[in-house]
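Shown next, in C-alpha cells, is the structure this report addresses.
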Amino acid sequence: MSGTTITHEETHFPDRRRLYAGVCQDFADRLADIIKKRRKASMALAGGTTPGPLYDSLSNVPINWEKVSLTLTDERWVSPEDPASNEFLIRDTLMRRRAAGATFVPFKTNHAKASGGAATAEKRITPIMPFDICLLGMGPDGHIASLIPGAEGFDAAVDIAGTRKLAGIHAPGAAGAPERMTLTVPGILASRRIVLLFMGQDKLNVFNEAKQGLGGSPIKELLAQKKVPVHAFWAP
Numbered sequence: 003m004s005g006t007t008i009t010h011e012e013t014h015f016p017d018r019r020r021l022y023a024g025v026c027q028d029f030a031d032r033l034a035d036i037i038k039k040r041r042k043a044s045m046a047l048a049g050g051t052t053p054g055p056l057y058d059s060l061s062n063v064p065i066n067w068e069k070v071s072l073t074l075t076d077e078r079w080v081s082p083e084d085p086a087s088n089e090f091l092i093r094d095t096l097m098r099r100r101a102a103g104a105t106f107v108p109f110k111t112n113h114a115k116a117s118g119g120a121a122t123a124e125k126r127i128t129p130i131m132p133f134d135i136c137l138l139g140m141g142p143d144g145h146i147a148s149l150i151p152g153a154e155g156f157d158a159a160v161d162i163a164g165t166r167k168l169a170g171i172h173a174p175g176a177a178g179a180p181e182r183m184t185l186t187v188p189g190i191l192a193s194r195r196i197v198l199l200f201m202g203q204d205k206l207n208v209f210n211e212a213k214q215g216l217g218g219s220p221i222k223e224l225l226a227q228k229k230v231p232v233h234a235f236w237a238p
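Position 208 of the sequence shown, counting from 1, maps to 210 under our numbering, and the rest follow consecutively.
So, in C-alpha cells, the structure goes:
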C-alpha cells in the first residue's frame, strides 16, 4: 500500500442485531468482490463469544466458499474437539450450510506448548497471507487476539519490527486456557483489512482512549499504525 493514505473507519449500530447484520453484509460483499477479482480469499478469524452470531449468519451467505481459506487470530492450546477451542467454534458455527466447502488452516499441533508449534503453524498459514480480512475482538483491557499484557511472550509478540507471524503466549488466569498461540502484531498487519468487532460502553471507552493515544494496550498500537486500514464496528 505504498503511497496510499491509510484511514481507519468506525461504524456504530443501535443494537447488536443490526451490528451482526451489517458486518455480515459487509463481509459478504467484500468476499464476493475479492473472489471475483482474485479468484480466492482468506480470513483470519477471532474466537470467543462475540463473533459466534456473525459466523452463524455468514455460513448461509451465497458466495463461492470453496475459494475461501479460513484460519484464526489466536487459539487456546487445547484439543480441536474441545468446545474451548477456537477451531471448534469456527467449524461449529461458520463451516456448515453454504460455507461447508471453505478450507480451514489450523494453528494446533501436537507440541506440548504453543511456542513449540509456532514455526509449524506459521508455515501452514503463510500461503494464505496476506489475509483479505483479519477479524479481531477486543478484551476489556484493550487486548486483541491473545496479545495479553503481562503474559509470557507478550513483549516479543507485540514488537512491530519482529519477523515472526505467530507466537506462543502463556497467560495464567486467561479464560479458557493459559497456553495460547496468537498472531503477532506483524502477523495481524499481514492483512489487507483489519476489522474490529466489539460491544458495550466499557469497551467503547477503552477504544476511545486508545484512539487518543492513551494507555498501553495493544489496541492503541493497532490504531496508531498506518500500514493497514482498521474498520471498527460497535454496538451497545
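Beta carbons: idealized from backbone N, C-alpha and C, even for Gly.
Note that the structure is a prediction, hence the values are computed from the model and not measured.
For residue 32, which of 165, 67, 140, 152 has the nearest alpha-carbon? Position 30 of the sequence shown, counted from the first residue, corresponds to residue 32. If we check each option's Cα against that of residue 32, 67 comes out closest.
When the distance is taken between beta carbons, is residue 187 closer than 8 Å to residue 223? In the sequence shown, counting from the first residue as 1, residue 223 sits at position 221. In the sequence shown, counting from the first residue as 1, residue 187 sits at position 185. Yes, Cβ-Cβ distance for residue 223 and residue 187 is below 8 Å.
Starting from the N-terminal side, write out each stretch of the alpha helix (DSSP H) that is 4 residues or longer and does not extend beyond the stretch 115-142. 116-127
Apart from the five residues just before and just after residue 174, which ones in its own chain have a Cβ nearer than 7 Å to its Cβ? The count along the sequence shown starts at 1 and reaches residue 174 at position 172. If we look at residue 174 and ignore the five residues flanking it on each side, its Cβ neighbours are 180.
Identify every residue that forms a DSSP beta bridge with residue 232. On the sequence shown, position 230 is the one that residue 232 refers to. In DSSP, residue 232 forms a bridge with 196.
Tell me whether residue 258 is buried or exposed, calling it buried when 16 or more other Cβ atoms sit within 10 Å of its Cβ. Because residue 258 is not part of the residues shown, which for the chain are 3 to 238, the question remains open.
Quick one: give me the first and last residue of the beta strand (DSSP E) that residue 224 is part of. Here residue 224 refers to the residue found at position 222 of the sequence shown. Premise fails: residue 224 lies in the alpha helix (DSSP H), 220-226, not in any beta strand (DSSP E).
Nearest by alpha-carbon distance to residue 22: which of 227, 199, 213, 231 is it? In the sequence shown, counting from the first residue as 1, residue 22 sits at position 20. Considering only alpha carbons, the answer is 199.
By a C-beta neighbour count over all protein chains shown, 10 Å radius and 16 as the cutoff for buried, is residue 182 buried or exposed? Here the question's residue 182 lines up with position 180 in the sequence shown. Flag for residue 182 reads buried.
Cut-off 6 Å between Cβ atoms - residues of its own chain near residue 208, not counting five sequence neighbours on either side: The residue given as residue 208 occupies position 206 in the sequence shown. For residue 208, where only same-chain residues beyond five positions count, the Cβ hits under 6 Å are 144.
Nearest-angstrom Cα separation, counted from residue 109 out to residue 74: As a first step, residue 74 must be located in the sequence shown, where it is residue number 72. As a first step, residue 109 must be located in the sequence shown, where it is residue number 107. Whole-angstrom Cα-Cα distance: 7 Å.
Where does residue 59 sit, in a helix, a strand or coil, going by DSSP? Within the sequence shown, numbered from 1, the residue matching residue 59 stands at position 57. Correct three-state label for residue 59: helix.
Alpha helix (DSSP H) containing residue 212: first to last residue? For the purposes of this step, residue 212 is taken as the residue at position 210 of the sequence shown. Unbroken alpha helix (DSSP H) run through residue 212: 203-213.
Hey, residue 225 and residue 237 are a contact pair by Cβ (cut 8 Å); roughly how many whole angstroms apart? Indexing the sequence shown from 1 puts residue 225 at position 223. Indexing the sequence shown from 1 puts residue 237 at position 235. Contact flag wrong, Cβ pair sits at about 19 Å.
Decide yes or no for the touch test of the stretch 24-41 against the stretch 74-88: beta carbon pairs closer than 8 Å, at least 3 of them. no
Pull up the distance between the alpha-carbon of residue 231 and that of residue 28, whole angstroms please. As a working note, residue 231 is residue 229 in the sequence shown. As a working note, residue 28 is residue 26 in the sequence shown. Spanning the two alpha carbons is a distance of roughly 15 Å.
Which stretch, first to last residue, makes up the alpha helix (DSSP H) that contains residue 157? Counting from 1 along the sequence shown, the entry for residue 157 is found at position 155. Counting along the chain, the alpha helix (DSSP H) containing residue 157 begins and ends at 156-159.
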